[in-house]
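Trainee: For the sequence shown, the numbering used here gives the first residue as 8, with consecutive numbering after it. All C-beta atoms, glycine included, are put in the ideal place defined by N, C-alpha and C. Just so it is clear, the structure is predicted and the values come from calculations on it, not from any experiment.
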Amino acid sequence: LEELEPLLHARRRRAAAKRELDELLDELEAGASGGYRLGLEDAVQWLGIDSSELTHRINQWARAGGGKLDLAFAFLASASWPVFTERAYALLDARPNDPQVKEALLRGRDPFSSFGFIGDLEPTYRAAADEYRRWTHSHDRRLRELGQEAVALYEQRASQQAADERRERERV
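Structural data, given as structure tokens:
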């Protein structure tokens, strides 16, 4: 599947890319599951992770709720920060009191939740805290509060990771 990534990235610039992205999103909405769903999610990410069409669908899925909410959450982590923020607004508007939305937005940038993360997590957690710190200056109270909570969460994780690394070095 990894071999397809550069091919789909190259297709982004073609006129047919929007139609192809729509078809992939339609397949996901139809209830794809298992390995097929994971493959579709990868293809959507490679073809249009920051696209306005995907943002529009995430908004629709959030408003629909149920199983569609999982689709909305599936594409949060890999979007650029400005797009992640735009989608956060859409999720908060669609489901303002949903604890699942809050959890997804807090943990949406957690590198540990990504498959295959290798490396020192401390600087990655600190970088995540710095990204969320932008939200602490938002005019939107919901985003500001989430930003404060996320900064505390990722700073705590970074400190814990640093302490774990020190203990590990001391044992060796």
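Report all residues from its chain with a CB closer than 8 Å to the CB of A97; omit the five preceding and five following residues, and keep chain order.
Mentor: The answer, listed in chain order, is T62, I65, N66, A69.
Trainee: Kindly confirm or deny that the segment 74-85 and the segment 101-121 touch, where touching means at least three C-beta pairs closer than 8 Å.
Mentor: Touching, yes, given that three or more Cβ pairs across the two stretches are closer than 8 Å.
Trainee: Keeping to the same chain, check which residues put their C-beta closer than 7 Å to that of T131; ignore five residues upstream and five downstream.
Mentor: The residues are P118.
Trainee: What are the boundary residues of the alpha helix (DSSP H) that I65 is part of?
Mentor: First-last of the alpha helix (DSSP H) with I65: 59-71.
Trainee: Taking all protein chains shown into account, do 16 or more other C-beta atoms lie within 10 angstroms of the C-beta of Q52, making it buried, or fewer, making it exposed?
Mentor: Under this definition Q52 is a buried residue.
Trainee: Quick check: Y139 and A159, are their CB atoms within less than 7 Å of each other?
Mentor: Cβ distance not < 7 Å, so Y139 and A159 don't count as in contact.
Trainee: Can you tell me whether DSSP reads R149 as helix, strand or coil?
Mentor: Here R149 sits in helix by DSSP.
Trainee: Which residues in the same chain as R151 place their Cβ atom closer than 7 Å to its Cβ, once the five residues preceding and following it in sequence are excluded?
Mentor: Correct list, in chain order: W142, T143, S145.
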